[in-house]
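Asker: Got a structure for you, questions after.
Protein chains: 2
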Amino acid sequence: MPKLVDHEERRAHIIDALLRSAAASGLHSVTMRSVAAEAGVSVRLVQYYFDTKEQLLLAAMTRLTTRMGERIQRRLRATGASTAPRDIIEAVLLEAVPTDEESRAFHLIHTEYAVLSVTDPALAGPAFLAAPNEMEAFLAAQLTAAGATDSPRQEAVVLMAVSAGLGLSVLLGQRTPDDAVAVLHHHLGRILPAR
Amino acid sequence: MPKLVDHEERRAHIIDALLRSAAASGLHSVTMRSVAAEAGVSVRLVQYYFDTKEQLLLAAMTRLTTRMGERIQRRLRATGASTAPRDIIEAVLLEAVPTDEESRAFHLIHTEYAVLSVTDPALAGPAFLAAPNEMEAFLAAQLTAAGATDSPRQEAVVLMAVSAGLGLSVLLGQRTPDDAVAVLHHHLGRILPAR
DNA sequence: GTTTTGGTGGTATGGTTGTACCACAAAAAC
DNA sequence: GTTTTTGTGGTACAACCATACCACCAAAAC
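Written as structure tokens, this is what we have:
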């Protein structure tokens, strides 16, 4: 059985093309043709590596959440050796604010997927709930460690909501990234002891 | 010039059909045909009253934001004669949490429009920013009246974000409406003096 | 060297979508 | 009573979409 190409690499290449295409003109406008063109391959190849469009979209969603997790991990490592809860919480929440063009594209597509999953049964399921739930528990633990509140779970939910809400408002052009970051700082300063 | 039918009524009827159709299977899946079928009229009639699909979508969006405003106004009146800032703020923010089926459909479609407007130039513009900005200023004024914070604007932004974020998480099935309401209460209790 | 088999291109097909076009009825205008 | 004008239906059309199908090449297996 001859194996000339790395399947996983090809798949990743095509998925990245999809993400670029979706970032440019919206997830709703990606077609097999547009993805193929963006990836510089024939439509047949996209079919070959992802039988159907639904599977392509599913694979892209998986890759997206994976990368999202990596971004958060990187942020956490970038805080250095600081284990102060406030630093950790801040790092995690700031990741949800789209600053550079890449993270903007990232969060746009992620939000499009999330909204789509409400009505599209193929995208539904726990795929979109696992990561946020995990994150919420993580934040609650950090808040407990900081000893800043007597109801860490509710406070964690507030943090998740404010982070998502701010991110969305930046996407919509309602707020600048800087403004969102400032608001987040202000809120953290209110509920947490100073660094 | 004969005028047998009330144009505005017909338009409203068709738009409502669109909203029902969108609530059922997503804004992305509404077509001229599906709207016509839901409204019980021919496709030609939809064309007649809204030349193009783009104009139909635009009109539906306008009607949606109008109705959203009405819902908030109704909530405000329902608080009775209470002019306590906390009551007012609570009433306004609770409107963003989808509880009954109608408000769920409402917010789903509204969110779909918002996300769509990021990439679709036809939907873009200040249409989606005016109402939230107005609301933000209103909340800031109420916070000032309550004298609960020294930076009412930032606190108002946090309120808007947490409200939008909670609403979205309920839509995604991540939280029950009751849970979201409880969290909102908790947060308001934290930043505002008791009633 | 022949035969599988993985990888690729091109193209046909059936279905759907938005919109344009044609016809017609009936109320109003004159 | 004739002529506009408004409202309505049906249908045709061009574009596009996802997918199925056919052909071919080259590397590997034997």
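Chains as they are written, first to last, in the working numbering: chain A, 1 to 195; chain B, 1 to 195.
Backbone N, C-alpha and C fix where the C-beta goes; we use that ideal spot for every residue, glycine too.
1) Would you kindly work out how many angstroms separate the C-alpha atoms of threonine 176 of chain B and glycine 26 of chain A, rounded to a whole number?
2) Residues of chain A with CB closer than 8 angstroms to the CB of alanine 17 of chain B, please, in chain order.
3) To be precise: take each residue of the region 13-41 of chain B, compare its Cβ to all Cβ atoms of chain A, and keep it if any distance is under 7 angstroms. Which residues remain?
4) What's the call for histidine 7 of chain A, buried or exposed, on a 16-neighbour Cβ count within 10 Å?
5) Flag glycine 106 of chain B as yes if its beta-carbon sits less than 8 angstroms from any beta-carbon of chain A, otherwise no.
6) I want to check one thing, is the minimum distance from the CB of asparagine 133 of chain B to the heavy atoms of the ligand GTP below 7 angstroms?
7) Leaving out five residues on either side along the sequence, give the residues of the same chain with a beta carbon under 8 angstroms from the beta carbon of alanine 180 of chain B.
8) Is the region 132-150 of chain A close to the region 41-59 of chain A, with three or more CB pairs under 8 angstroms?
9) On a Cα-Cα basis, can you pick out the residue from A:Glu90, A:Leu123, A:Leu116 that is closest to leucine 276 of chain A?
10) Would you call the region 60-74 of chain A in contact with the region 104-111 of chain A, where contact means no fewer than 3 C-beta pairs closer than 8 angstroms?
11) The region 91-125 of chain B: which residues have C-beta closer than 9 angstroms to a C-beta of chain A, in chain order?
12) Beta carbon of glutamine 142 of chain B, beta carbon of isoleucine 72 of chain B: below 8 angstroms?
13) Under the three-state reduction of DSSP, which class applies to aspartate 51 of chain A: helix, strand or coil?
14) Taking the continuous alpha helix (DSSP H) assigned at serine 29 of chain A, which residues delimit it?
15) In three-state DSSP terms, what is aspartate 16 of chain A?
16) Taking Cβ to Cβ, would you say aspartate 63 of chain A is nearer than 8 angstroms to isoleucine 15 of chain A?
17) At 4 residues or longer, what runs of the alpha helix (DSSP H) sit wholly inside the region 61-104 of chain B?
Answerer: Reading off the structure:
1) 29 angstroms
2) Within 8 angstroms Cβ-Cβ: nothing; alanine 17 of chain B doesn't reach chain A, min ~17 angstroms.
3) Ser25, Gly26, His28
4) exposed
5) Checking the sequence shown, residue 106 of chain B turns out to be phenylalanine, not glycine. No - not a single Cβ of chain A is within 8 angstroms of the one on phenylalanine 106 of chain B.
6) Judged by which ligands are present, the structure shown has none, so any question about the ligand GTP falls away.
7) Val97, Leu166, Gly167, Ser169, Val170
8) no
9) Nothing about residue 276 of chain A can be read from this structure; chain A reaches only from 1 to 195.
10) yes
11) Leu108, Thr111, Glu112, Ala114, Val115, Leu116, Ser117, Val118, Thr119, Asp120, Ala124
12) no
13) coil
14) Element bounds for serine 29 of chain A: n/a, residue is neither H nor E.
15) helix
16) Per the sequence presented here, residue 63 of chain A reads as arginine, with aspartate not at that position. Yes.
17) 85-94
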